[in-house]
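For the sequence shown, position 115 matches number 133 in the working numbering, and the numbering has no gaps at all. By construction, the Cβ of each residue, glycine as well, lies at the ideal position given by its N, Cα and C atoms. Note that the coordinates shown come from a computational prediction; the quantities given were computed from them, not determined experimentally.
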Amino acid sequence: MGAYSNNLAAQMLEIVWLNPIFIVLAPTGLIFWLLGKWMLKHYPSKINLMSGYRTKRSMQSQEAWDHAQFFSAKLSIRIGKVEMLLGAFGIFASRIHETVQVVFAVFVVMYACIYLMVVTENELKRVFP
Numbered sequence: 019m020g021a022y023s024n025n026l027a028a029q030m031l032e033i034v035w036l037n038p039i040f041i042v043l044a045p046t047g048l049i050f051w052l053l054g055k056w057m058l059k060h061y062p063s064k065i066n067l068m069s070g071y072r073t074k075r076s077m078q079s080q081e082a083w084d085h086a087q088f089f090s091a092k093l094s095i096r097i098g099k100v101e102m103l104l105g106a107f108g109i110f111a112s113r114i115h116e117t118v119q120v121v122f123a124v125f126v127v128m129y130a131c132i133y134l135m136v137v138t139e140n141e142l143k144r145v146f147p
């Protein structure tokens with residue numbers, strides 16, 4: 019019984035740690051979440067070219083800058099939660115070919131980055147026409 023349980027534990031560990039969806043999405047989701055939390059408390063208060071959500075539209079005025087920092091931080095937290103959840107569900111995707119898992123994970127990360135920018139820019143267009 020002991021050898022079987024050790025073997026089962028090793029198989030489960032292999033499924034989790036060698037799963038591309040988990041390996042990619044769990045850490046990137048955590049990064050999105052942590053950066054969003056950090057930006058809510060420590061966002062750059064003045065417009066600058068070094069840190070914060072920096073686009074032409076967000077740098078048009080101090081009000082737009084402040085709104086963009088807050089909005090993108092909140093959205094980043096939500097994106098991080100979704101990515102971590104998808105990474106956790108990726109554990110159950112062990113029967114899917116690894117290449118498909120890698121492509122899916124990379125697509126999700128790229129989509130998350132683009133989504134963050136598009137939604138934030140649309141919000142800035144809406145609030146600051």
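Nearest residue (CA-CA) to residue i, options the options
i: I49; options: S94, P147, K143; result: S94
i: S63; options: S79, W51, E116; result: S79
i: M102; options: N25, V42, N37, F89; result: V42
i: T46; options: M77, K99, T138, S112; result: K99
i: E139; options: N37, F107, R72; result: R72
Straight-line gap, residue i to residue j (C-alpha atoms, nearest Å)
i: K74; j: Y61; result: 17 Å
i: I39; j: V126; result: 10 Å
i: E81; j: M128; result: 28 Å
i: K143; j: F88; result: 15 Å
i: K55; j: A91; result: 7 Å
i: N37; j: V136; result: 30 Å
Opening and closing residue of the alpha helix (DSSP H) in which residue i lies
i: H85; result: 80–107
i: M57; result: 38–60
i: R144; result: 116–145
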